[in-house]
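For what it's worth, my numbering labels the leading residue of the sequence shown as 1310, then goes sequentially.
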Amino acid sequence: AQTVSVIMRELEVDKLLVRQAPLRGKIGQPSIPMALNPDGAYFIGLKIGRRSAELVLIDFLGNVRSMLQHSYRYPAPRETVEFVTSGMKTMRGELTPAQDKRIAGLGIAMPFELWNWADTAGAPRDVMDEWRHRDIRADIQAQCEFPVYLQNDATSACGAELVFGKAGAARDFVYFYIGAFAGGGIVLNGHLFGGPTGNAGALGSMPVPGPDGKPTQLIDVASIAMLEKALNARGVEASHLWTSPEDWGEIGVELDDWIACASQALAYAIVAASSVIDFEAAVIDGWMPKAVRRRLVDAVVEAIGNIDGEGLNLPAVREGTVGIHARALGGASLPLSERFLIGSTTISRSA
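Have a look at this one:
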């Protein structure tokens, strides 16, 4: 008890804990509850996606203090660094000098080997090849006096669900994030599992049956880019898929067809993953309105019911609880996990 008291006092001196109102009414001295100090530390998260970038500032409790978004047709390194430079200037300008000194780090959530997706993303190959030769983490680290971390974007979204979401109540779950491209992550024994290279849970590359029954990858069926492609084929401008993720409005038959194909592919991916690890839950989230996410999850549950799962303990399929900003919040969770949580995530960091 004495050791705990010493630790608590040290955390209070460091302004990581704050005293609450005394609890009276019991025999002896009133007890004084302690709580995390929201201003004890701040964390910045950067999501670099195929269609947009986000910058978010959160406090020690995970509350969003500031968020900025930038949409584009495809990501370019110079444009991304400029967005981060101006965005951090704006965000840090809203903090007091004392608060600014408590920024504990910045986490980048971005797809690995982004240059390999030029054709699928409809981006110029020469621009995407710039990512092959750029160390975006080092570029951003040069602007920061605090450490900068890097992790796969879908894995980061999984980490956000674990740290900030409600699905984290499950000790073992497989996680799918449906953005411009589909991806995912794995949580084992209550910890984000990145594997030796940090690329474990690369669910977008999982083989699944395509709409024609032939093998393809999950990313080629369940990605929102496929919905965009279908809308463009009908001559419909689809930029609102990226700029208005809270409300897509009326889309029509293309959305129905996409949900049908994506849910079938996700169902096979969940069953396949369950043959390796008996997950408690399969969590699905994404860059989409909540109503669309609900429809997608319901369709996945129905599709799993039509797949032969004999010999398997299939997981409960649940909606994610963090939502559209999961990747950016997952980026912000990287320095939080590294600095303050036991059993931190698998990450890489600049020197």
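Glycine included, C-beta positions come from ideal geometry on N, C-alpha and C. For clarity, every value in this text was computed on a predicted model and none was experimentally measured.
### Message
Can you confirm whether the region 1520-1533 touches the region 1563-1579 when touching is taken to mean that 3 or more C-beta pairs between the two stretches lie within less than 8 angstroms?
### Response
yes
### Message
Suppose only complete runs of 3+ residues qualify. What are the beta strand (DSSP E) ranges in the region 1320-1367, listed by chain order?
### Response
1326-1328, 1343-1345, 1351-1357
#### Entry: Status (buried if at least 16 other CB within 10 Å, exposed otherwise) for K1398
exposed
### Ranges of the alpha helix (DSSP H) found wholly within the region 1416-1454, counting only runs of at least 4
1427-1430, 1434-1442, 1445-1450
### Message
Assuming the contact rule is C-beta atoms closer than 8 angstroms, G1639 and G1468 should be a hit. Round their C-beta distance to whole Å, please.
### Response
5 angstroms
### Task
Measure the alpha-carbon distance for A1660 versus V1373 and round it to whole angstroms.
In this predicted model, A1660 has a pLDDT of only 42, less than 50, meaning its place in the structure is not dependable; the value taken from the coordinates is given anyway. Taking the straight line from one Cα to the other gives about 28 angstroms.
### Query
So, helix, strand or coil for F1588, using DSSP?
coil
### Message
Here's the rule: buried if 16 or more other CB atoms are within 10 angstroms of the residue's CB, otherwise exposed. What is S1395?
### Response
exposed
### Query
Any contact of the region 1630-1645 with the region 1459-1473, i.e. 3+ C-beta pairs under 8 angstroms?
yes
### Task
Determine, using beta carbons only, whether V1315 and N1346 come nearer to each other than 8 angstroms.
no
### Query
How is the beta strand (DSSP E) around G1494 delimited, first residue to last?
1491-1497
### Nearest-angstrom Cα separation, counted from E1559 out to R1359
24 angstroms
### Start-end ranges of the alpha helix (DSSP H) lying completely within the region 1527-1596, minimum 4 residues
1528-1531, 1533-1542, 1549-1552, 1562-1583
### Task
Give a yes or no on whether the C-beta atoms belonging to N1622 and S1584 are separated by under 8 angstroms.
no
### Query
Among residues of its own chain, excluding the 5 on either side of A1539, which ones have a beta-carbon nearer than 8 angstroms to its beta-carbon?
E1563, D1566, W1567
### Task
Using alpha carbons as the reference points, say which of F1455, R1443, T1552 lies closest to H1379.
T1552
### Message
Does the CB of L1364 have a neighbour CB from chain D at under 8 angstroms?
### Response
No chain D appears in this structure, which consists of one protein chain only.
### Task
Count the CB pairs spanning the region 1430-1443 and the region 1616-1630 that are closer than 8 angstroms, and state whether there are at least three.
no
#### Entry: Which of helix, strand or coil DSSP assigns to T1389
helix
#### Entry: V1545 classed as buried or exposed, judged by whether at least 16 other C-beta atoms fall within 10 angstroms
exposed
### Query
Quick one: what does DSSP say I1613 is sitting in, helix, strand or coil?
helix
### Query
How long is the line joining the alpha carbons of V1322 and E1454, rounded to whole angstroms?
23 angstroms
#### Entry: Alpha carbon of R1648 to alpha carbon of Y1351, nearest angstrom
11 angstroms
### Task
Measure the beta-carbon distance from S1465 to A1418 and round it to whole angstroms, keeping in mind my assumption that it falls under 8 angstroms.
3 angstroms
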